[in-house]
Amino acid sequence: MASWNPDSCSDRILRGGLGVPEPLTQFAQGMDPEATELSILSIAMVAIAVLLASITLIATIVTQRPQGMTLFELPLFSWSVLVATGVWVLAMPVWLGNLMISWVDFRGADALRYGNVENIWGQLSWLWSQPMIFAFAIPVLGIAGEIIPVAASKAQRQYTIQQIGIGALGVLSFGAFAQPFFNADVSDQAVFVGMGLLVVLPVLIFMGGLADTLVKGKPKFSAHLVLALISMIGLLVGTTLSALHVSGPAIGAIREIDSDWLSGLINWLTDLQGTVIATAVMEHALISSLIASIAGLYYWSPKIFGKKMNNNIGILAGLSLLGGLLLSAGSNLINGFLDEGDAVYLATP
Numbered sequence: 001m002a003s004w005n006p007d008s009c010s011d012r013i014l015r016g017g018l019g020v021p022e023p024l025t026q027f028a029q030g031m032d033p034e035a036t037e038l039s040i041l042s043i044a045m046v047a048i049a050v051l052l053a054s055i056t057l058i059a060t061i062v063t064q065r066p067q068g069m070t071l072f073e074l075p076l077f078s079w080s081v082l083v084a085t086g087v088w089v090l091a092m093p094v095w096l097g098n099l100m101i102s103w104v105d106f107r108g109a110d111a112l113r114y115g116n117v118e119n120i121w122g123q124l125s126w127l128w129s130q131p132m133i134f135a136f137a138i139p140v141l142g143i144a145g146e147i148i149p150v151a152a153s154k155a156q157r158q159y160t161i162q163q164i165g166i167g168a169l170g171v172l173s174f175g176a177f178a179q180p181f182f183n184a185d186v187s188d189q190a191v192f193v194g195m196g197l198l199v200v201l202p203v204l205i206f207m208g209g210l211a212d213t214l215v216k217g218k219p220k221f222s223a224h225l226v227l228a229l230i231s232m233i234g235l236l237v238g239t240t241l242s243a244l245h246v247s248g249p250a251i252g253a254i255r256e257i258d259s260d261w262l263s264g265l266i267n268w269l270t271d272l273q274g275t276v277i278a279t280a281v282m283e284h285a286l287i288s289s290l291i292a293s294i295a296g297l298y299y300w301s302p303k304i305f306g307k308k309m310n311n312n313i314g315i316l317a318g319l320s321l322l323g324g325l326l327l328s329a330g331s332n333l334i335n336g337f338l339d340e341g342d343a344v345y346l347a348t349p
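In our numbering, the protein residues as written are 1 to 349.
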């Protein structure tokens, strides 16, 4: 009778994964195929769960509105969730398709290309790269848009513009087309570069509206206000780095105008492509989203837990995450300016 061995199971998980850097190819060849399949299955289940949850949220927001409320009258957080989940519903099936292709090839006697362990991650990494990474940060705007007007005791002006800003971020963060594994030149193409440059504008416009509300209101200090501001600043820095990361090809397009004074700047900006600045962009988007989630938890804690949470602990948590962001993303930013590649582990000696 077959029995389950927890030691064997844990060892199998440790020897799994979706790909191993090339210097460790010998280890990659010794990976347990069943463990790799287990990894593919597990993240596929997570992706399906995200997809189903997104559909549920969209249906809830659209159908459970109060009678007479239009979509453009939704609270900013609900609107941001509607936009974000809309992008996820469009992108996740593509990502699952990448995963399925890898799995089918991996199951073959000899993996041709897509199922090679060193290639699987390359086909999936676009989900965590720009511009798609910003799709997971869209609710940051909605959370800040709910918290700051209440903290300032001032109604948000230009509400429609704020909603347009959230919608624009959703459009500019759809990245299922940006798959370097299948199109190595995608980072030089006009759509990718244009989206990378423009993604900062919705965040900047949204922050301008929030700043106007703060200045004209009477802000009351709270943990959720501090956390919301930190998350917005972090997201603004991330989108700015995104624009910087893709600006080389954009400026290179006007090289013909004056090749003398632009050449040095163009070469420097072009060198930033393919560096760990891409990782810094990802870290800003994800950690800002995490900080915003804590801000929302504090803001809605009376409704969730029936009481307010401790302000000092919330601020300490936010500052701890901010410190981690500065250390991690800051070091990647510096290394990016020093031309360290984002695939440094793939470099052969």
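Backbone N, C-alpha and C define an ideal beta-carbon position, used for all residues, glycine too.
Under the assumption that residue i contacts residue j (Cβ atoms under 8 Å), give the Cβ distance between them as a whole number of angstroms.
{"i": "I148", "j": "L214", "result": "6 Å"}
{"i": "I40", "j": "S102", "result": "7 Å"}
{"i": "A295", "j": "A228", "result": "4 Å"}
{"i": "I166", "j": "I138", "result": "6 Å"}
{"i": "A135", "j": "S173", "result": "4 Å"}
{"i": "V276", "j": "G324", "result": "That belief does not hold up - the Cβ atoms of V276 and G324 are roughly 16 Å apart, past 8 Å."}
{"i": "S153", "j": "K218", "result": "5 Å"}
{"i": "G209", "j": "Q156", "result": "7 Å"}
{"i": "A47", "j": "W95", "result": "6 Å"}
{"i": "L57", "j": "G145", "result": "Contact flag wrong, Cβ pair sits at about 17 Å."}
Out of curiosity, what's the CA-to-CA distance linking residue i and residue j?
{"i": "Q123", "j": "N183", "result": "11 Å"}
{"i": "L112", "j": "F181", "result": "15 Å"}
{"i": "Q162", "j": "L333", "result": "30 Å"}
{"i": "V62", "j": "E118", "result": "42 Å"}
{"i": "F106", "j": "I120", "result": "9 Å"}
{"i": "S78", "j": "D110", "result": "48 Å"}
{"i": "P202", "j": "S293", "result": "20 Å"}
{"i": "L52", "j": "A59", "result": "11 Å"}
{"i": "T279", "j": "I233", "result": "18 Å"}
{"i": "W128", "j": "L169", "result": "16 Å"}
{"i": "H284", "j": "L236", "result": "9 Å"}
{"i": "G68", "j": "T160", "result": "17 Å"}
{"i": "V199", "j": "F305", "result": "36 Å"}
{"i": "T70", "j": "M195", "result": "29 Å"}
{"i": "S331", "j": "L316", "result": "22 Å"}
{"i": "I133", "j": "S125", "result": "10 Å"}
{"i": "P93", "j": "K216", "result": "44 Å"}
{"i": "L286", "j": "L204", "result": "18 Å"}
{"i": "H245", "j": "L197", "result": "9 Å"}
In terms of residues, what are the limits of the alpha helix (DSSP H) holding residue i?
{"i": "Y159", "result": "Y159 to L172"}
{"i": "F337", "result": "N311 to F337"}
{"i": "E118", "result": "V117 to L124"}
{"i": "W95", "result": "L76 to R107"}
{"i": "L71", "result": "Premise fails: L71 is in no alpha helix (DSSP H) and is neither H nor E."}
{"i": "I133", "result": "No alpha helix (DSSP H) holds I133; DSSP gives it neither H nor E."}
{"i": "G208", "result": "V200 to K216"}
{"i": "K303", "result": "S301 to I304"}
CB-CB under 7 Å to residue i, same chain, minus the five flanking residues each way: which ones, in chain order?
{"i": "S222", "result": "A151 and N311"}
{"i": "I230", "result": "I291, G318 and L322"}
{"i": "V352", "result": "In the structure as shown, the chain starts at 1 and stops at 349, and residue 352 therefore has no counterpart that could be examined."}
{"i": "V226", "result": "I315 and G318"}
Looking at chain D, is there any beta carbon in it that lies within less than 8 Å of the beta carbon of residue i?
{"i": "S247", "result": "No chain D appears in this structure, which consists of one protein chain only."}
Does residue i pass the burial test, meaning 16 or more other C-beta atoms within 10 Å, or should it be called exposed?
{"i": "V193", "result": "buried"}
{"i": "Q189", "result": "exposed"}
{"i": "T36", "result": "buried"}
{"i": "F72", "result": "exposed"}
{"i": "Q64", "result": "exposed"}
{"i": "E22", "result": "Since pLDDT at E22 reaches only 47, below the 50 mark, its modelled position is unreliable, and the value read off the structure follows with that caveat. So E22 ends up on the exposed side."}
{"i": "L338", "result": "exposed"}
{"i": "T239", "result": "buried"}
{"i": "M207", "result": "buried"}
{"i": "I313", "result": "exposed"}
{"i": "S289", "result": "buried"}
{"i": "S357", "result": "Here the chain covers residues 1 to 349 and nothing more, so residue 357 does not appear."}
{"i": "V104", "result": "exposed"}
{"i": "L82", "result": "buried"}
With a threshold of 8 Å on Cβ separation, who are the neighbours of residue i within its own chain once the five nearest residues in sequence on each side are excluded?
{"i": "V186", "result": "F177, A178, Q179, P180 and F192"}
{"i": "A2", "result": "Bear in mind that a pLDDT of 44 at A2, under 50, signals an unreliable position, so the number given afterwards is only what the model happens to contain. Excluding positions up to five away in sequence, the list is empty."}
Please go through the same chain and pick out, in chain order, the residues whose beta-carbon is closer than 6 Å to the beta-carbon of residue i, but skip the five residues on each side of it.
{"i": "K220", "result": "A151"}
{"i": "S54", "result": "T85, W88 and V89"}
{"i": "H224", "result": "I147, A295, Y298 and Y299"}
{"i": "A329", "result": "A280, E283 and H284"}
{"i": "Q158", "result": "G209"}
{"i": "V140", "result": "S231, L235, S288, S289 and A292"}
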